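Residue numbers (the numbering used here): 154 to 254. Glycine is no exception: its CB is placed at the ideal position from the N, C-alpha and C atoms. For clarity, every value in this text was computed on a predicted model and none was experimentally measured.
Below you can see the structure in the form of structure tokens.
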């Protein structure tokens, strides 16, 4: 089980990313537009740098929804390999059986 503080920090980051997504996208579009003058693009970069760091989508990290584990995460199922194996062994994931040979 992951620390509760780490899970809460990740949730806070997700809220910040959602809050600033449109503003960040607009500033990035201005900053990368070659048709705009250099001063305007530079001002957009400065405004982008003043936004909170955690509002960037690259700061997000996938975590298991059941345990909060950050590693060995399956995107399709939104859980870690350990919980996936536990639930599959109990038979709670339809169509999945533990292999043995």
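Closest option to residue 167, judged by alpha-carbon separation, among 181, 210, 204 and 247: 210.
Here residue 233 is buried. Its C-beta has 16 or more other C-beta atoms within 10 Å. Within the same chain, and ignoring the five residues on either side of residue 205 in sequence, the residues whose Cβ sits closer than 8 Å to its Cβ are 169 and 173. Restricting attention to 223, 177 and 186, the CA atom closest to the CA of residue 164 is found in 223. Ranked by Cα distance from residue 212, the first of 171, 157 and 219 is 171.
Taken atom to atom, the span from the alpha-carbon of residue 231 to that of residue 192 is near 43 Å. Secondary structure of residue 233 (DSSP, three-state): strand. Here residue 181 has 201 as same chain residues with Cβ atoms under 7 Å from its own Cβ, once five neighbours each way along the sequence are excluded. In chain order, 194, 197, 198 and 201 place their CB closer than 7 Å to the CB of residue 184, counting only its own chain and leaving out the 5 sequence neighbours on each side. A distance below 8 Å separates the beta carbons of residue 251 and residue 242.
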